[in-house]
Amino acid sequence: MRIRRERIAFPGGPASVLSLGQGGVPVLLLHGFAGDLLTWHFNIATLAADRRAVAVDLPGHGESTLDVGSGRVADFAFWVERLLDVLNLPLVHAVGHSMGGYVALSLARRAPERVASLSLVASAGVGPRFDADFLRRLPALADGAEALALASMLFARPSPLTERLASVMLAQAGDPRRRLALEAIVRASFLNAGEAPPVDWAALPMPVQFLWGRQDRIIPVPDPSRLPPSPGPSSPLHLFDNAGHLPHSEAAGPVTAVLRDFLTACDA
Amino acid sequence: MNRKDFLLALDEMLELSPGTLSGSEPLDALEGWDSLAVISFIALVDERLNKVVEGEKLAKAKTVADLLDLAGVTVPA
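Protein chains in written order, with the working numbering: chain A, 4 to 271; chain B, 2 to 78.
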């Protein structure tokens with residue numbers, strides 16, 4: 004399987020993209036705040052067995068532009084839509100984690116004809132009040148101890164990934180330009196966000212599914228009242244044991260299997 | 002695919018000279034073992050062995066031999 008990582012020239016600065024696989028309705032993978040496209044490293048190759056899989060660094064993240072514009076996460080959906088044009092992807096299955104879930108949801112609202120299905124993983128914008136203090140501290144980590152403490156909050160149990168994640172987070176905080184970009188997002192999108200208004204799920208024509216770690220301490224499992232009125236085959240909520248805010252890492256096997264099955268079902 | 006062939010495939014994946022890896026190497030001592038290599042490894046096992054590697058198990062792998070176990074490659078060279 005050919006793995007292609009490229010930085011695409013783009014208005015406002017480059018867009019960093021990782022592509023694997025080919026054919027089918029492609030799956031678009033959008034990472035969370037202060038993450039990058041490699042957050043999907045346990046999932047993307049398996050998803051790409053059935054179709055093209057494209058993971059993107061959102062503005063302010065990874066190797067994409069540090070120009071975050073207004074800093075409003077909803078505006079990233081416009082950026083993603085233009086990127087889909089450049090990549091010649093008229094229709095995708097959108098999968099978003101946390102902040103990336105909010106971007107995927109915004110994309111589905113503004114361009115429903117381009118989203119075959121929506122998979123929201125521990126997603127922002129669905130309802131529960133998230134841990135804004137955690138997000139505020141993330142770009143401005145003081146030292147390794149704070150990085151380790153915050154990274155630990157992402158997992159349900161001690162994880163071999165915690166230390167590596169903490170060092171990546173600390174390196175990010177040490178880059179002044181990146182720190183400014185992330186802080187602009189926090190100010191514009193998170194600090195006064197409160198509880199998200201209810202989503203009008205009925206206005207979304209595509210199938211939607213929700214995936215959550217039962218022990219998510221950053222964005223807790225949403226109350227069923229915040230989800231589509233009749234969760235069922237077309238809008239299921241999948242809960243994963245022993246998983247926190249990164250179920251696609253901590254429960255990578257089951258999460259990838261659920262994504263793969265849903266995408267295949269939604270291809271039809 | 003036997004153990005020897007799989008080790009050669011890992012050599013190639015990590016841009017090492019053929020025959021470099023024997024199985025005992027710690028992963029954190031391999032310069033090329035990073036997130037992209039993880040993606041390549043999962044793709045390699047899927048393509049060559051038609052087997053899905055679960056990431057949460059891969060996260061716990063410490064040596065090349067652990068990768069062989071995950072891939073189900075147990076036939077001695």
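Don't be surprised by glycine CBs; every beta carbon is placed ideally from N, CA and C. This structure is a prediction, so every number in the text was calculated from the model and none was measured.
- Item | Own chain residues within Cβ distance below 7 Å of A:Arg263, not counting five before or after | If you number the first sequence from 1, residue 263 of chain A lands on position 260. So the list reads Thr49, Leu50, Asp53, once near-sequence residues are dropped.
- Item | chain A contact for B:Val76 (CB, 7 Å cutoff) | Residue mapping note: residue 76 of chain B aligns to position 75 of the second sequence, counting from 1. Here the model assigns B:Val76 a pLDDT of 49, short of 50, so the residue's position is not dependable and the matter cannot be decided.
- Message: I need the straight-line Cα distance from A:Val83 to A:Ser109, nearest angstrom please.
- Response: Position 80 of the first sequence, counted from the first residue, corresponds to residue 83 of chain A. Position 106 of the first sequence, counted from the first residue, corresponds to residue 109 of chain A. Distance between the alpha carbons of A:Val83 and A:Ser109: 10 Å.
- Message: Using beta carbons (cut-off 7 Å, strictly below), is A:His44 in contact with chain B?
- Response: Mapped onto the first sequence, residue 44 of chain A falls at position 41. A:His44 counts as touching chain B.
- Item | alpha helix (DSSP H) segment containing A:Phe79, residue limits | For the purposes of this step, residue 79 of chain A is taken as residue 76 along the first sequence, with counting starting at 1. Taken as a continuous stretch (DSSP letters only), the alpha helix (DSSP H) holding A:Phe79 covers 79-89.
- List the DSSP bridge partners of A:His100. The residue labelled residue 100 of chain A in the question sits at position 97 within the first sequence. The partner list for A:His100 (beta bridge, DSSP) reads A:Val124.
- List the residues of chain A whose Cβ lies closer than 8 Å to the Cβ of B:Val65, in chain order. Numbered from 1 along the second sequence, position 64 holds the residue referred to as residue 65 of chain B. Those do not exist, as B:Val65 stays about 16 Å from chain A at its closest Cβ, beyond 8 Å.
- Message: So if I threshold CB-CB distances at 7 Å, which residues from the stretch 43-63 of chain B count as touching chain D?
- Response: Protein chains in the displayed structure are A and B, and chain D is not among them.
- Item | Segments assigned alpha helix (DSSP H), at least 4 residues, entirely inside the stretch 16-87 of chain A | 47-50
- Which one of A:Ser120, A:Arg182, A:Asp146 has the shortest CA to CA distance from A:Ala271? In the first sequence, counting from the first residue as 1, residue 271 of chain A sits at position 268. Nearest option by C-alpha distance: A:Ser120.
- Item | Within chain A, partners of B:Ser25 - CB distance below 7 Å | For the purposes of this step, residue 25 of chain B is identified with residue 24 of the second sequence, where counting begins at 1. The premise fails here: B:Ser25 is roughly 19 Å from chain A at the closest Cβ pair, so nothing lies under 7 Å.
- Does the Cβ of A:Leu40 have 16 or more other Cβ atoms within 10 Å, making it buried, or fewer, making it exposed? By 1-based counting over the first sequence, the position of residue 40 of chain A is 37. Under this definition A:Leu40 is a buried residue.
- Item | Neighbour list for B:Leu37 in chain A, Cβ cutoff strictly below 9 Å | For the purposes of this step, residue 37 of chain B is identified with residue 36 of the second sequence, where counting begins at 1. The answer, in chain order, is Ile6, Arg8, Leu21, Leu41, His44.
- Query: Cβ-heavy atom distance between A:Asp78 and the ligand ADP below 6 Å?
  - Reply: For the structure depicted, the ligand ADP is absent and the ligand set is empty, with no information on it obtainable.
- Query: A:Trp215 bridges to which residues according to DSSP?
  - Reply: Mapped onto the first sequence, residue 215 of chain A falls at position 212. A:Trp215 is bridged to A:Leu242.
- Message: Taking the beta carbon of A:Gln212 as the centre, do at least 16 other beta carbons fall within 10 Å, making it buried, or is it exposed?
- Response: Position 209 of the first sequence, counted from the first residue, corresponds to residue 212 of chain A. Buried.
- Three-state secondary structure assigned by DSSP to A:Val95: Position 92 of the first sequence, counted from the start, is the residue given in the question as residue 95 of chain A. Here A:Val95 sits in strand by DSSP.
- Item | Interface positions of the stretch 242-260 of chain A facing chain B (Cβ-Cβ less than 7 Å), listed along the chain | Ser252, Glu253, Ala254, Ala255, Gly256
- Message: Under 7 Å, Cβ to Cβ, is there at least one residue of chain B near A:Thr267?
- Response: Indexing the first sequence from 1 puts residue 267 of chain A at position 264. No, no contact with chain B.
- Query: Which residues does DSSP pair with B:Thr64 in a beta bridge?
  - Reply: Start at 1 with the first residue of the second sequence, and residue 64 of chain B comes out as number 63. B:Pro27.
- Item | Status (buried if at least 16 other CB within 10 Å, exposed otherwise) for B:Val76 | Residue 76 of chain B sits at position 75 when you count from the first residue of the second sequence. With a pLDDT of only 49 at B:Val76, under the threshold of 50, the placement of this residue in the model should not be trusted; the figure read from the coordinates follows. When all chains shown are included, B:Val76 counts as exposed.
- Query: Can you list the residues of chain A that B:Ser41 reaches, using a CB-CB cut of under 9 Å?
  - Reply: Within the second sequence, numbered from 1, the residue matching residue 41 of chain B stands at position 40. Going along chain A in sequence order, the residues near B:Ser41 (Cβ under 9 Å) are Met4, Ile6, Ala48.
- Task: For A:Arg3, write down the residues that DSSP places opposite it in a beta bridge.
- Result: Residue 3 of chain A lies beyond the range of chain A shown here (4 to 271); nothing can be said about it.
- Message: Using C-beta distances below 7 Å, list every residue in its chain close to A:Ala80, excluding the 5 sequence neighbours before and after it, in chain order.
- Response: By 1-based counting over the first sequence, the position of residue 80 of chain A is 77. For A:Ala80, where only same-chain residues beyond five positions count, the Cβ hits under 7 Å are Val106, Ser109, Leu110, Arg113.
- Query: Do B:Ala60 and A:Pro163 have their C-beta atoms within less than 7 Å of each other?
  - Reply: In the second sequence, residue 60 of chain B corresponds to position 59, counting from 1. In the first sequence, residue 163 of chain A corresponds to position 160, counting from 1. Against a cut-off of 7 Å, the Cβ pair of A:Pro163 and B:Ala60 comes out as a contact.
- Message: For a test of the three-state rule: what should DSSP assign to A:Ala302, helix, strand or coil?
- Response: Outside the shown range of chain A, which is 4 to 271, sits residue 302 of chain A, and nothing can be said about it.
- Pair within 7 Å by beta-carbon distance, A:Phe193 and A:Ala135: Locating residue 193 of chain A in the first sequence gives position 190, counting from the first residue. Locating residue 135 of chain A in the first sequence gives position 132, counting from the first residue. Yes, these two residues count as a Cβ contact at 7 Å.
- Query: Is B:Ala78 buried or exposed, if buried means 16 or more other CB atoms sit within 10 Å of its CB?
  - Reply: Counting from 1 along the second sequence, the entry for residue 78 of chain B is found at position 77. Bear in mind that a pLDDT of 46 at B:Ala78, under 50, signals an unreliable position, so the model cannot answer this.
- Hey, out of A:Gly256, A:Ile221, A:Gly216, A:Pro210, whose CA is closest to A:Pro239's CA? Counting from 1 along the first sequence, the entry for residue 239 of chain A is found at position 236. Among A:Gly256, A:Ile221, A:Gly216, A:Pro210, the Cα nearest to that of A:Pro239 belongs to A:Pro210.
- In three-state terms, what does DSSP make of A:Val202? Walking along the first sequence from the start, residue 202 of chain A turns up at place 199. In the structure shown, A:Val202 sits in coil (DSSP, three-state: anything other than H, G, I, E or B).
- Message: I'd like to know if A:Ala12 contacts chain B, where contact means its C-beta is closer than 7 Å to some C-beta of that chain.
- Response: As a working mapping, residue 12 of chain A is identified with position 9 in the first sequence. Judged by the 7 Å Cβ criterion, A:Ala12 is not in contact with chain B.
- Task: Would you mind reading off the limits of the alpha helix (DSSP H) that contains B:Glu48?
- Result: On the second sequence, position 47 is the one that residue 48 of chain B refers to. B:Glu48 -> alpha helix (DSSP H) spans 36-50.
- Task: Could you tell me which residues DSSP pairs with A:Val118 in its beta bridges?
- Result: Position 115 of the first sequence, counted from the first residue, corresponds to residue 118 of chain A. Paired residue(s): A:Val95.
- Counting along the chain, where does the alpha helix (DSSP H) carrying A:Leu157 start and finish? Position 154 of the first sequence, counting from 1, holds the residue named residue 157 of chain A. Run containing A:Leu157: none; DSSP gives neither H nor E here.
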